[in-house]
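So the structure is just underneath, and the comments pick up after that.
Residue numbers (this note's numbering), protein chains in the order written: chain A, 1 to 185; chain B, 1001 to 1185.
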């Protein structure tokens, strides 16, 4: 898995080969095939090691949602940001790999949903919020900006936080956000 | 270009070869190489044929922004949705192709920015709106939902429209949107 992550960082998903990973890890190709039947399965396992749960809810919706978004930005700024889009397209025709990818992403999606529902529970977000749509919007924005080589910085985190929490569309001159002064991504 | 689009729809970006396109188009590989030096350049040209400008602003911000988002959903529901993410990762190490992709996307980005600025001009969006961030959020959301095989339907269009225009986070039971009753994506 370490060798896979190193190679993904260097050559990306399309350049990665089972042979290359075996050489880097100092094992035989057969050893790798024993554990992972396909390149997609190997990469899904590697990606799962880079995913992170958001910090546990503190009770302050602004801080919690900001921390969740900052965690997502940190994940997608790394290899996951360039690998996941290609991986998702690659597994589309393979039901087993699609199911495996869904089972790896599921617990992280649940952790992020819990952050949103915790804010709903305190009355800071509407009770009928579509958590799937909100998380798709947050992750999609981060991922597309990564693909287009636009900065993934703390002002993006602030913009997405006020969009979710206050319904403020992104502004050029973001207002300083309470609680965000000392944090950076 | 027609052969490239047909082949992208069938086998995707990774499965596409210059040889396959030449066979389908009934021309020699040399002919294709004369016009497009690399697979990335050929695919960028093919993608550019599937992009669409939004309808010209009508003066009604709700209708204009909804029509723009519906146009984007239509574009990304097709081959562009699975090709663009892989293409963007593929050209990242190639400055010429990156520049070419930027020059192809630029005019469409400008057309969409004009729709937002037209709403700013009528006082329906804040004057200091970050149009790049807003369009990245709209396109990123559509693209990620496509990658995750979630529906790209008129309720997504409604959710994104009220998010941009009214700052309403996506709800499970969307309110019917004035002006959207007869339109579908």
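Just so you know, even glycine gets a beta-carbon here, dropped at the ideal spot from N, CA and C. Bear in mind the structure is a predicted one, so any value in this text is a computation, not a measurement.
Cβ-Cβ distance between residue i and residue j below 8 Å
| i | j | result |
| --- | --- | --- |
| residue 1069/B | residue 1138/B | yes |
| residue 12/A | residue 1089/B | yes |
| residue 87/A | residue 112/A | no |
| residue 152/A | residue 77/A | yes |
| residue 1016/B | residue 1043/B | yes |
| residue 85/A | residue 1095/B | no |
| residue 39/A | residue 65/A | no |
| residue 1131/B | residue 1117/B | yes |
| residue 191/A | residue 1172/B | With chain A covering 1 to 185 only, the question about residue 191/A has no answer from this structure. |
| residue 169/A | residue 1057/B | no |
| residue 46/A | residue 72/A | no |
| residue 1166/B | residue 1097/B | no |
| residue 7/A | residue 21/A | yes |
| residue 105/A | residue 91/A | no |
| residue 14/A | residue 1014/B | yes |
| residue 272/A | residue 81/A | With chain A running from 1 to 185 in the structure shown, residue 272/A is simply not present. |
Residue-chain proximity (residue i, chain A), Cβ-Cβ < 8 Å
| i | result |
| --- | --- |
| residue 1133/B | yes |
| residue 1185/B | For residue 1185/B, the predicted structure reports a pLDDT of 40, less than 50, and the residue's modelled location is therefore unreliable. A value from the coordinates is still provided. So, not an interface residue. |
| residue 1074/B | no |
| residue 1085/B | yes |
| residue 1018/B | no |
| residue 1044/B | no |
| residue 1153/B | no |
| residue 1004/B | no |
| residue 1147/B | yes |
| residue 1123/B | no |
| residue 1104/B | no |
| residue 1082/B | yes |
One or two residues paired with residue i in a DSSP bridge
| i | result |
| --- | --- |
| residue 1171/B | 129/A |
Residue i at chain B interface by Cβ criterion, 8 Å
| i | result |
| --- | --- |
| residue 168/A | yes |
| residue 95/A | no |
| residue 141/A | yes |
| residue 52/A | no |
| residue 180/A | At residue 180/A, the pLDDT of 41 sits below 50, so the modelled position is not reliable and the matter cannot be decided from this model. |
| residue 137/A | yes |
| residue 144/A | yes |
| residue 120/A | no |
| residue 88/A | yes |
| residue 126/A | yes |
| residue 130/A | yes |
| residue 66/A | no |
| residue 47/A | no |
| residue 150/A | yes |
| residue 172/A | yes |
| residue 193/A | What is shown of chain A runs 1 to 185, which leaves residue 193/A out entirely. |
| residue 164/A | yes |
| residue 12/A | yes |
Limits of the unbroken alpha helix (DSSP H) element including residue i
| i | result |
| --- | --- |
| residue 16/A | Here residue 16/A belongs to no alpha helix (DSSP H), and DSSP marks it neither H nor E. |
| residue 66/A | 61 to 77 |
| residue 1042/B | 1039 to 1048 |
| residue 1036/B | Per DSSP, residue 1036/B belongs to no alpha helix (DSSP H) and is neither H nor E. |
| residue 1026/B | Run containing residue 1026/B: none; DSSP gives neither H nor E here. |
| residue 1121/B | 1095 to 1121 |
| residue 1162/B | 1154 to 1166 |
#### Entry: Inter-stretch contact (C-beta, 8 Å, three-pair minimum) for the stretch 1121 to 1128 of chain B and the stretch 1048 to 1061 of chain B
Using a C-beta cut-off of 8 Å, the stretch 1121 to 1128 of chain B makes contact with the stretch 1048 to 1061 of chain B, since at least three inter-stretch Cβ pairs fall below that distance.
### Message
Within 8 Å, do at least three Cβ pairs link the stretch 1041 to 1055 of chain B to the stretch 95 to 114 of chain A?
### Response
Because the criterion of three Cβ pairs below 8 Å is not met, the stretch 95 to 114 of chain A and the stretch 1041 to 1055 of chain B do not touch.
### At least three beta-carbon pairs within less than 8 Å, the stretch 1141 to 1151 of chain B to the stretch 140 to 156 of chain A
When C-beta atoms of the stretch 1141 to 1151 of chain B are compared with those of the stretch 140 to 156 of chain A, three or more pairs fall below 8 Å, so the two segments count as touching.
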